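Visitor: Numbering (the UniProt record's numbering), first residue to last: 1 to 322.
We treat Cβ as the ideally placed atom computed from N, Cα and C, and that holds for glycine.
Nothing here was measured: the structure is a model prediction, and the numbers come from that model.
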Amino acid sequence: MSLFWRIFALNAVVLGAATALLLWAPVTVSVPVLLTEAVILVGGLAVMLVANAALLRLGLAPLDRLTRLMTTVDLLRPGQRLPAAGRGEVADLIRTFNAMLERLEQERAASSARVLLAQEAERRRIAQELHDEVGQSMTAILLLLGRVAGDAPQPLRAELHETQEITRGTLDEVRRLVRRLRPGVLDDLGLVSALTSLTQDFATHVGLRVTRAFDTDLPALPPETELVLYRVAQESLTNAARHADAEHVTVALRRTGDGVTLTVTDDGRGMRAAHEGAGVRGMRERALLVGGRLDITPSPGDGPGTRVLLTAPAAAPPVRKP
């Protein structure tokens, strides 16, 4: 039944019931109208309006559900659909909206894949330039400072040694930045070694106490899935240190059925707002690229903190390329 005829039928039922009640009810209207008769008529009108409103609410309930979904739908949480049974304009509208959501999710996933692939390529290029240009130049400066310091007089030699130490520290910082931009250990030694190096780096330079718990029987993962797991762990550690003021973080990598689960739990301030920043949205986009699911919840237990849970299948779909 179309929406027009549905509303017409609902109003016809209410008006028909009111007409039947007037025909068979032993009620007469005097001229002038008595108070009791006016009360009965007003009460009947109120009952008719309430019944009409209730029936219309029932008939238009699918549109209300569609409106709520339109206002709350998130393309980074795919699969949100409404059942569309039967025929009519409302069912056709719901089916059309579901098809539109499907198309938008596919287009969002494809565009996100292109953006993230370009981002990784740019990170790789910057890391390579830092390693080849800046790193080699600073290494040459260190060697030159060492030779000059060996022939310099004592007061100047101490200053040259201090400059050499500053340069060495800056070179170490550049190398650490290169590792964060493009983790070579991930390509060479695998995910577990890369996560171990990442957590050690945070523990050394940020001051976090990091506990690791990695299963030994992890399945073989595609390179895209390993990179997504690494980036989500990196972003979670950064948020724990920069925004949550956490002191202790636990990073766990478990085998679950036909996939893996990465869990990053901190003891920071916890989730203070429902709004998600660019970092969290980026993690959700990365999770969708490999067919994974990202959940961010308060830490289990009574204390504050946040838990980031990423579940990814071992046989993840390939990253869509432009």
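Which partner residues of A220 appear in the DSSP bridge assignment?
Guide: DSSP output for A220 lists no bridge partner at all.
Visitor: Taking C-beta to C-beta, are G279 and D245 nearer than 8 angstroms?
Guide: no
Visitor: Would you call the region 149 to 163 and the region 192 to 212 in contact, with 3 or more CB pairs under 8 angstroms?
Guide: no
Visitor: Which residues bound the alpha helix (DSSP H) around residue 324?
Guide: In the structure as shown, the chain starts at 1 and stops at 322, and residue 324 therefore has no counterpart that could be examined.
Visitor: Is R254 helix, strand or coil by DSSP?
Guide: strand
Visitor: Would you identify the three-state DSSP class for A140, choosing helix, strand or coil?
Guide: helix
Visitor: Flag this pair as yes or no: are the beta carbons of D266 and A240 separated by less than 8 angstroms?
Guide: yes
Visitor: Assuming T250 contacts A213 under a Cβ cut-off of 8 angstroms, what Cβ separation, rounded to an integer in Å, is found between them?
Guide: A Cβ-Cβ distance of about 7 angstroms is found for the pair T250 and A213, placing them in contact under the 8 angstroms criterion.
Visitor: Would you please state the rounded distance, in angstroms, between the beta carbons of L93 and L56? I believe it to be under 8 angstroms.
Guide: In fact, because the Cβ distance is near 17 angstroms, the residues do not count as touching under 8 angstroms.
Visitor: Under 7 angstroms Cβ to Cβ from R168, same chain only, skipping five residues before and after it: list those, please.
Guide: L142
Visitor: Kindly indicate which three-state DSSP category A274 falls into: helix, strand or coil?
Guide: Here the model assigns A274 a pLDDT of 45, short of 50, so the residue's position is not dependable and the matter cannot be decided.
Visitor: Please say whether G44 and L15 have beta carbons closer to each other than 8 angstroms?
Guide: no
Visitor: Within 10 Å of its beta-carbon, does A274 have 16 or more other beta-carbons around it, so buried, or fewer, so exposed?
Guide: Residue confidence for A274 is low, a pLDDT of 45 falling below 50, so the modelled location carries little weight and cannot support an answer.
Visitor: So for V50, helix, strand or coil by DSSP?
Guide: helix
Visitor: Roughly how many whole angstroms lie between the Cα atoms of T306 and L117?
Guide: 28 angstroms
Visitor: Using the DSSP secondary-structure output, state which residues sit across from D266 in a beta bridge.
Guide: V249
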